[in-house]
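There are 2 protein chains.
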Amino acid sequence: MAKRVSHRDSICGVARPLDAIGDWWSLLIVRDAFDGLRRFGEFQKSLGLAKNILSARLRNLLAHGIMETVPAADGSPYQEYVLTEKGRGLFPLLVALRQWGEDFFFEPDEAHVLLVDRKNGLPVRRLELRAQDGRVVGVEDTMVRLPSASAE
Amino acid sequence: MAKRVSHRDSICGVARPLDAIGDWWSLLIVRDAFDGLRRFGEFQKSLGLAKNILSARLRNLLAHGIMETVPAADGSPYQEYVLTEKGRGLFPLLVALRQWGEDFFFEPDEAHVLLVDRKNGLPVRRLELRAQDGRVVGVEDTMVRLPSASAE
DNA sequence: CCTCATGGTTTTAATTTGAAACCATCGTAT
DNA sequence: ATACGATGGTTTCAAATTAAAACCATGAGG
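Going down the list, the protein sequences come from chains A and B.
Per our numbering, the very first residue in the first sequence carries number 4; after that it's consecutive.
Per our numbering, the very first residue in the second sequence carries number 4; after that it's consecutive.
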């Protein structure tokens, strides 16, 4: 599961997380978890993937501390899979993925699910990256800075 | 390359984009492209992946309209790979991934690259999702709404 | 007990990945 | 012209991963 990571990536902040969720299914499992799914069978039914693969993915998500198992819930003797704090931290990423998908993978008039404010049912705004002073910044306004103390 | 997508996913807005960038390398290529890399050899050197794999990934990114080739630049007879509008649309997603990585994949004192405001060198703020009225909303404040007209 | 539902693991085949070798094109020096 | 190195790939083949299906374990209900 763990892939070798090149030099630059060890401190890059992008490659490391990809090791945890960088495959097709893991993010979909997390999304389903956000939608309230908890049981092995629910995930399998929703995603339609082989049970061994789901098993492996859940194991990986558990190993990375993105999900955890909780003993019961409705009295059944099985366990449930729920997001940890770390897993819930993926919310902005999923929103970003969803908004990108809406922008470029659907026809303007094509129906798709919408992320809405639970309070009033209105769609949420677009994600915006802001600088310390509050300016909205895009790619061209930012740069990456390497850590001052040269590690490695 | 194209994976079968279950019913719910066809309109979900998350699964579709994953088909385009849902593997380990593609996002790293895009990140490198944001960092200014353009040439086949540059990507290969930076990422340290096999040439055939890089070739396949670039082909896929081209096919999905995330990158495009431009004929020259510095006079050399080769082509360069640059992000399209669609590709640049991945910026928020990469920021989200990076911020999640910073939060959970590095020790508090561990060195890592930082995304900073080009204007003054200060780190950017965290991504925040806001409702129409400007409230910052989290997972629990939102829900997904299926399209009213039942498609399929 | 027998049987069913749930939640997996094992087995086996197909696909994907990766390393290395090979090849094509252009620019340059001879 | 022609050898040669740099760049940008493709082909080949072994190894790892994924997927489908069969199998197994546990507890609940009859």
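Just so you know, even glycine gets a beta-carbon here, dropped at the ideal spot from N, CA and C.
Under the assumption that residue i contacts residue j (Cβ atoms under 8 Å), give the Cβ distance between them as a whole number of angstroms.
i               : j                : result
leucine 60/A    : tryptophan 103/A : Note on residue identity: the sequence assigns arginine, not leucine, to residue 60/A. That belief does not hold up - the Cβ atoms of arginine 60/A and tryptophan 103/A are roughly 23 Å apart, past 8 Å.
valine 142/B    : arginine 19/A    : The Cβ separation is near 23 Å, so there is no contact.
leucine 117/A   : valine 17/B      : Actually they are not in contact, since the Cβ atoms of leucine 117/A and valine 17/B sit about 12 Å apart, beyond 8 Å.
methionine 70/B : leucine 93/B     : The pair is not a contact, with the Cβ atoms about 11 Å apart (cut-off 8 Å).
leucine 21/A    : leucine 96/B     : Actually they do not touch by this definition, with Cβ atoms about 12 Å apart.
In whole angstroms, what is the alpha-carbon distance linking residue i and residue j?
i                   : j                  : result
methionine 4/B      : alanine 23/B       : Here the model assigns methionine 4/B a pLDDT of 46, short of 50, so the residue's position is not dependable, and the following value carries that caveat. Going by the C-alpha atoms only, they are around 9 Å apart.
alanine 114/B       : methionine 146/A   : 17 Å
glycine 137/A       : threonine 72/A     : 40 Å
arginine 62/B       : leucine 57/A       : 29 Å
valine 139/A        : asparagine 55/A    : 44 Å
phenylalanine 108/B : glycine 78/B       : 42 Å
proline 126/B       : alanine 53/A       : 43 Å
valine 33/A         : proline 80/B       : 45 Å
leucine 149/A       : leucine 31/B       : 17 Å
alanine 76/B        : glutamine 82/B     : 8 Å
tyrosine 84/A       : lysine 122/B       : 44 Å
histidine 67/B      : cysteine 15/A      : 26 Å
glutamate 105/B     : glutamate 88/A     : 14 Å
aspartate 35/A      : aspartate 120/B    : 35 Å
valine 98/A         : phenylalanine 37/B : 20 Å
proline 74/B        : leucine 40/B       : 15 Å
leucine 64/A        : leucine 64/B       : 27 Å
glycine 124/A       : glutamate 110/B    : 39 Å
serine 151/A        : aspartate 112/B    : 13 Å
Could you please give the first and the last residue of the uninterrupted beta strand (DSSP E) stretch that includes residue i?
i               : result
arginine 3/B    : Given a span of 4 to 155 for chain B in the structure shown, any question on residue 3/B remains unanswerable.
aspartate 35/B  : Careful: aspartate 35/B lies outside any beta strand (DSSP E), inside the alpha helix (DSSP H) at 27-37.
valine 127/B    : Per DSSP, valine 127/B belongs to no beta strand (DSSP E) and is neither H nor E.
aspartate 120/B : 117-120
With respect to the alpha helix (DSSP H) encompassing residue i, which residues constitute its N-terminal and C-terminal limits?
i              : result
aspartate 22/B : 18-24
Taking 6 Å as the cut-off, is the beta-carbon of residue i closer than that to any non-hydrogen atom of the ligand ZN?
i            : result
valine 139/A : In terms of ligand content, the structure shown is empty, and the ligand ZN therefore cannot be addressed.
Per the contact definition of three or more C-beta pairs closer than 8 Å, is the region 126-140 of chain A in contact with the region 117-135 of chain B? Contact holds: three or more Cβ-Cβ distances are below 8 Å.
At 4 residues or longer, and completely inside the region 49-97 of chain B: list those alpha helix (DSSP H) runs for me, N to C. Entirely contained in the region 49-97 of chain B, the alpha helix (DSSP H) runs reaching 4 residues are, in chain order, 54-66 and 88-91.
Does the region 43-54 of chain A come close enough to the region 42-50 of chain B that 3 or more CB-CB pairs lie under 8 Å? Taking 8 Å as the limit for Cβ pairs, the verdict is that the region 43-54 of chain A does not touch the region 42-50 of chain B.
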